[in-house]
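In this note's numbering, the protein residues as written are 1000 to 1157.
Written as structure tokens, this is what we have:
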């Protein structure tokens, strides 16, 4: 019941309810007030500085337009249907760790451009690619059914 949380403002949080629609909600890690709170993912946004990439897994449309960067917890139906959020950072024992695979981190260390880029800059690059018309055209079938590859092999302008 809500009475057990009385005067506990730590459970009051901003939520990205729909794109560009930020609301306030009562958040707990248990199912109840929010039907599916997805605590395993959303804990990395609660009272923490973080960014995340919101997306859908597949699309019924002949185009891709369902990704956005967020900074708060998100509703499970953010785009009006099942949506996912990938936090840029994971907080483990209060330590902020980039949410990249060990394979990607090894690739990044040996990449002439990426090795000096912050996690935020990499997220911005991914987001820019997702909204690049040529990228969308080339990878449309992948974007409609799953996750397309992000190509980091680009020329750096001098």
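Built from N, CA and C at the ideal position, the CB exists for glycine as well.
Selection from the options that minimises the alpha carbon distance to residue i
i	options	result
residue 1055	1115, 1046 and 1018	1018
residue 1071	1120, 1012, 1092 and 1119	1012
residue 1067	1152, 1151, 1142 and 1130	1130
residue 1092	1042, 1149, 1122 and 1146	1042
residue 1022	1037, 1133 and 1077	1077
Spatial distance of residue i from residue j (CA atoms)
i	j	result
residue 1008	residue 1024	Confidence in residue 1008 is poor, its pLDDT being 48 and thus under 50, which makes the residue's placement unreliable; the coordinate value appears in the next sentence. In a straight line, the C-alpha of residue 1008 is about 11 Å away from that of residue 1024.
residue 1097	residue 1088	4 Å
residue 1015	residue 1126	18 Å
residue 1140	residue 1010	40 Å
residue 1085	residue 1069	10 Å
residue 1151	residue 1115	13 Å
residue 1112	residue 1148	18 Å
residue 1108	residue 1079	38 Å
residue 1049	residue 1117	13 Å
residue 1145	residue 1137	14 Å
residue 1119	residue 1045	19 Å
Environment of residue i [buried if 16+ CB atoms lie within 10 Å]
i	result
residue 1074	buried
residue 1026	buried
residue 1051	buried
residue 1104	exposed
residue 1082	buried
residue 1128	buried
Continuous alpha helix (DSSP H) stretch holding residue i: start and end
i	result
residue 1137	1132-1137
residue 1124	1118-1129
residue 1104	1101-1108
Extent of the continuous beta strand (DSSP E) run through residue i
i	result
residue 1095	1094-1097
residue 1089	1088-1091
residue 1045	Neither: residue 1045 is in no beta strand (DSSP E) and is coded neither H nor E.
residue 1070	No beta strand (DSSP E) holds residue 1070; DSSP gives it neither H nor E.
residue 1054	1051-1054
Sheet register partners of residue i (DSSP bridge)
i	result
residue 1011	1025
residue 1020	1017
residue 1083	1054
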